[in-house]
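**Q**
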Ligand code: PEP
Ligand code: MG
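In our numbering, the protein residues as written are 4 to 583.
1) Where DSSP assigns a beta bridge to residue 279, which residues make up the other side?
2) Do residue 363 and residue 334 have their C-beta atoms closer together than 8 Å?
3) Relative to the ligand MG, what is the chain-ordered list of residues with a Cβ closer than 5 Å to any of its non-hydrogen atoms?
4) Buried or exposed: which applies to residue 80, given that a residue is buried once 16 or more other Cβ atoms fall within 10 Å of its Cβ?
5) Could you pull the DSSP bridge partners for residue 13 from this structure?
6) Measure the C-alpha to C-alpha separation of residue 2 and residue 6 and round it to an integer number of angstroms.
7) Take residue 186 as the anchor and find which of 381, 212, 316, 564 has the nearest alpha-carbon.
8) So residue 418 packs on residue 425, CB below 8 Å; how close in whole Å?
9) Within 10 Å of its beta-carbon, does residue 338 have 16 or more other beta-carbons around it, so buried, or fewer, so exposed?
10) Please identify the residue among 519, 548, 409, 25 whose C-alpha is closest to the C-alpha of residue 167.
11) Grab the span of the beta strand (DSSP E) containing residue 333 for me, first residue to last.
12) Let me make sure I understand the geometry here. Which of 461, 141, 283, 49 has the alpha-carbon closest to that of residue 301?
13) Quick check: the Cα distance between residue 11 and residue 204, rounded to an integer number of angstroms?
14) For residue 5, does the three-state DSSP call read helix, strand or coil?
15) Residues in the same chain with beta-carbon distance under 8 Å from residue 296, minus the five sequence neighbours each way, listed in chain order, please.
16) Under a three-way DSSP split, which group does residue 304 fall into?
17) Hey, residue 521 and residue 482 are a contact pair by Cβ (cut 8 Å); roughly how many whole angstroms apart?
18) Counting C-beta neighbours from all protein chains within 10 Å, is the total for residue 16 16 or more, i.e. buried, or is it exposed?
19) Could you check how far apart the C-beta atoms of residue 465 and residue 489 are, in whole angstroms? I think they sit under 8 Å.
20) For residue 261 versus residue 539, is the C-beta spacing smaller than 8 Å?
21) I'd like to know if the stretch 493-500 and the stretch 448-463 are in contact, where contact means that at least 3 CB-CB pairs between them fall below 8 Å.
22) Is it buried or exposed, residue 479, if we count other Cβ atoms within 10 angstroms and call 16 or more buried?
23) Any idea if residue 88 is buried or exposed, counting beta-carbon neighbours within 10 angstroms, 16 or more meaning buried?
24) I think residue 268 touches residue 214, with their Cβ atoms under 8 Å apart; what is that distance to the nearest whole Å?
25) Can you find at least 3 beta carbon pairs, one from the stretch 220-229 and one from the stretch 501-508, that sit closer than 8 Å?
26) Quick check on the burial criterion: 16 or more other C-beta atoms within 10 angstroms. Buried or exposed for residue 259?
27) Shortest alpha-carbon distance to residue 250 belongs to which of 514, 360, 228, 263?
28) Hey, would you say the C-beta of residue 520 is under 7 Å away from at least one heavy atom of the ligand PEP?
29) In chain order, what residues of the same chain have a beta carbon less than 8 Å from the beta carbon of residue 568, not counting five sequence neighbours either side?
30) Using 8 Å as the Cβ pair cut-off and three pairs as the minimum, do the stretch 280-294 and the stretch 544-563 touch?
31) What are the boundary residues of the alpha helix (DSSP H) that residue 525 is part of?
32) Taking just the CA atoms, how far does residue 396 sit from residue 440?
33) If we call anything under 8 Å between Cβ atoms a contact, is residue 529 one with residue 505?
34) Following the continuous alpha helix (DSSP H) through residue 558, name the residue where it begins and the one where it ends.
35) Does DSSP classify residue 198 as helix, strand or coil?
36) Using C-beta distances below 7 Å, list every residue in its chain close to residue 131, excluding the 5 sequence neighbours before and after it, in chain order.
This is the structure:
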């Protein structure tokens with residue numbers, strides 16, 4: 004028996020039999036080709052790329068009902084790469100320059116690109132390394148005829164152990180037969196981790212050499228809560244983990260048992276727990292996790308697809324489908340938030356030195372009026388299909404908000420003149436994600452129907468830390484007293500004008516923050532589907548008075564480290580949370 008420590012990438016515990024998935028890197032042959040055979044070699048590449056495209060289209064076709072927004076986006080990215088002439092143009096040039104076989108050229112290119120991108124401080128580029136690796140490995144598989152066995156065909160329950168589970172393999176695998184995942188490579192934000200979490204499969208990644216240290220058929224324990232795997236465990240260890248596994252499963256079942264119950268404190272304060280979605284297909288997950296409604300529909304994902312801008316009709320269809328699925332509960336659709344870290348080829352934005360502080364979200368829409376008009380028309384036209392709320396992102400001041408509200412009124416008037424049916428009473432709200440907006444939220448509150456606090460951006464702008472930069476990630480702290488004071492200001496100012504105040508940043512789904520936010524008076528929490536049951540359990544386990552008391556103590560504390568410690572202690576001792 005031995006243990007290996009890795010990264011706790013997807014929670015849960017499982018005990019099972021190892022299935023070693025193509026853990027050995029294929030041997031890449033190297034040989035020279037004659038100039039006369041050049042066109043044949045190029046033709047081999049074209050054929051292999053075409054087969055890789057077919058593979059991915061097949062994965063999308065077969066598994067479409069199972070896939071969430073992230074997986075769809077990943078597969079679309081892979082298709083885009085395979086169809087992008089520039090990736091393989093370089094390979095073609097090298098074949099004719101070096102007169103080497105295509106397999107060798109591709110493996111050289113993978114190594115170079117991986118070395119270049121994996122050192123990049125930009126997490127977006129590092130993530131692309133995994134995508135490039137995945138795409139090239141798939142093409143190489145066809146060239147070498149060593150395609151890895153298809154995990155879609157698994158017919159018995161196993162724990163998949165591999166050097167590096169390609170995200171496209173993870174998407175395609177028969178999830179009902181995969182009890183757990185253990186890999187040498189990967190981290191918490193890799194696509195494999197995201198997919199494991201969305202399918203609730205326990206996973207430990209970043210184990211360095213697990214694939215070489217196990218054999219097919221070995222018994223193995225994957226503890227995705229602690230980030231540990233135990234290979235060939237003795238009987239006592241198996242029994243210990245069986246108890247933990249059972250406790251974890253019971254905990255999950257108990258949580259799902261709360262689905263039909265309201266998120267209500269013991270002294271009767273009712274909280275709304277909503278879900279965040281990026282694409283309409285995610286709605287089913289919200290319903291199955293007991294969401295009250297949609298608190299944030301990031302509409303920009305309709306615009307980030309590698310195609311033309313969505314037409315008014317396409318937008319009406321997308322918005323109406325979500326509204327109908329959730330009706331009569333509310334759906335908050337956020338208008339286009341492109342720019343900053345959400346770039347798209349569909350829009351030709353100019354190079355900016357500081358895109359995060361630049362031409363993004365509402366700033367973009369107020370200038371690109373045609374795009375904004377089409378979206379607002381589509382939203383109002385869809386409004387008759389359910390309970391719509393429209394939310395504007397990145398509002399930073401009163402003048403800007405006035406312009407937005409005036410333009411929205413113009414669009415309504417236009418629809419009225421055309422005799423188009425729409426709801427007059429759609430509540431208009433704003434995201435509070437810029438400190439200036441938080442500080443004048445008393446003024447803004449008089450002009451809108453609701454606030455939703457976007458902590459992902461609010462934190463980055465408050466402590467001046469790029470939310471995507473790993474080097475400064477240690478400063479990106481939701482519990483910085485400055486952030487907490489802004490949150491309190493927004494809630495108090497919103498309430499002062501009778502507004503409902505929501506939060507849709509990641510902080511809303513962090514169970515460690517739940518009591519504090521509740522105690523500060525937050526009315527609605529919006530998060531990804533899987534987070535809802537735990538937050539509901541916490542809300543139902545406390546009184547509002549207790550939460551207010553805790554919030555009072557926390558707001559008196561002076562530094563983020565003390566606040567973190569205090570909240571973790573409460574989470575462990577009072578809430579029985581499994582802490583990583
Ligand atoms: C936020 O900033 O908290 C938010 C929810 O918006 P996004 O993450 O899409 O920027
Ligand atoms: Mg934001």
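Cβ atoms here follow ideal geometry from the backbone N, Cα and C, with glycine treated the same way.
Quantities reported herein were computed from a predicted structural model and do not represent experimental measurements.
**A** Quick answer:
1) Sequence index remark: in the chain shown, residue 279 carries index 276 (1-based). Beta-bridge pairing links residue 279 to 299.
2) By one-based count along the chain shown, residue 363 stands at place 360. By one-based count along the chain shown, residue 334 stands at place 331. It is not a contact, given that the beta carbons lie outside the stated cut-off.
3) 436, 457, 460
4) Along the chain shown, read from residue 1 onward, the residue named residue 80 stands at position 77. By the neighbour-count rule (16 or more Cβ atoms within 10 Å), residue 80 is buried.
5) Taking the first residue of the chain shown as position 1, residue 13 is located at position 10. According to DSSP, residue 13 bridges with 206.
6) The question about residue 2 has no answer here: the residues shown for the chain are numbered 4 through 583.
7) Start at 1 with the first residue of the chain shown, and residue 186 comes out as number 183. It is 212.
8) The sequence position of residue 418 within the chain shown is 415, counting from 1. The sequence position of residue 425 within the chain shown is 422, counting from 1. Sure, about 5 Å apart at Cβ, within 8 Å.
9) Position 335 of the chain shown holds residue 338. Buried, by the Cβ-count rule.
10) Position 164 of the chain shown, counted from the start, is the residue given in the question as residue 167. Answer by Cα proximity: 25.
11) What you label residue 333 is simply residue 330 of the chain shown in a count that begins at 1. Counting along the chain, the beta strand (DSSP E) containing residue 333 begins and ends at 333-337.
12) Residue mapping note: residue 301 aligns to position 298 of the chain shown, counting from 1. Nearest of 461, 141, 283, 49 to residue 301, Cα basis: 283.
13) Within the chain shown, the letter at position 8 stands for residue 11. Within the chain shown, the letter at position 201 stands for residue 204. Rounded to the nearest angstrom, the two C-alpha atoms are 12 Å apart.
14) Along the chain shown, one-based indexing puts residue 5 at 2. Residue state, collapsed to three classes: strand.
15) On the chain shown, residue 296 is found 293 positions in, with the first residue counted as 1. 275, 277, 278, 329, 332, 333, 334, 335, 390, listed in sequence order.
16) In the chain shown, the residue the question calls residue 304 occupies position 301. Residue 304 falls in the helix class under three-state DSSP.
17) Here residue 521 refers to the residue found at position 518 when the chain shown is read from its first residue. Here residue 482 refers to the residue found at position 479 when the chain shown is read from its first residue. So it is not a contact: roughly 15 Å between Cβ atoms.
18) Here residue 16 corresponds to residue number 13 of the chain shown, with the count starting at 1. That one is buried.
19) In the chain shown, the residue the question calls residue 465 occupies position 462. In the chain shown, the residue the question calls residue 489 occupies position 486. Confirmed, Cβ separation roughly 6 Å.
20) Looking up residue 261 in the chain shown gives position 258. Looking up residue 539 in the chain shown gives position 536. Yes.
21) yes
22) Taking the chain shown and counting its residues from 1, one reaches residue 479 at position 476. Classification for residue 479: buried.
23) For the purposes of this step, residue 88 is identified with residue 85 of the chain shown, where counting begins at 1. It counts as exposed.
24) Here residue 268 is taken as the residue at index 265 of the chain shown, counted from 1. Here residue 214 is taken as the residue at index 211 of the chain shown, counted from 1. The Cβ separation is near 48 Å, so there is no contact.
25) no
26) Numbered from 1 along the chain shown, position 256 holds the residue referred to as residue 259. Label assigned to residue 259: exposed.
27) Along the chain shown, read from residue 1 onward, the residue named residue 250 stands at position 247. When each option's Cα is compared against that of residue 250, the closest is 228.
28) Numbered from 1 along the chain shown, position 517 holds the residue referred to as residue 520. It does not: the Cβ of residue 520 is nowhere closer than 7 Å to a heavy atom of the ligand PEP.
29) Numbered from 1 along the chain shown, position 565 holds the residue referred to as residue 568. Counting only Cβ-Cβ distances below 8 Å, and skipping sequence neighbours, we find nothing.
30) no
31) Residue mapping note: residue 525 aligns to position 522 of the chain shown, counting from 1. It is not in any alpha helix (DSSP H) - residue 525 carries neither H nor E in the DSSP assignment.
32) Against the chain shown, residue 440 aligns to sequence position 437. Against the chain shown, residue 396 aligns to sequence position 393. Residue 440 and residue 396: Cα-Cα distance of roughly 11 Å.
33) Here the question's residue 529 lines up with position 526 in the chain shown. Here the question's residue 505 lines up with position 502 in the chain shown. Yes.
34) Within the chain shown, numbered from 1, the residue matching residue 558 stands at position 555. Element bounds for residue 558: 547-558.
35) Sequence index remark: in the chain shown, residue 198 carries index 195 (1-based). Note: residue 198 maps to helix in three-state DSSP.
36) Taking the first residue of the chain shown as 1, we reach residue 131 at position 128. So the qualifying residues of the chain are 120.
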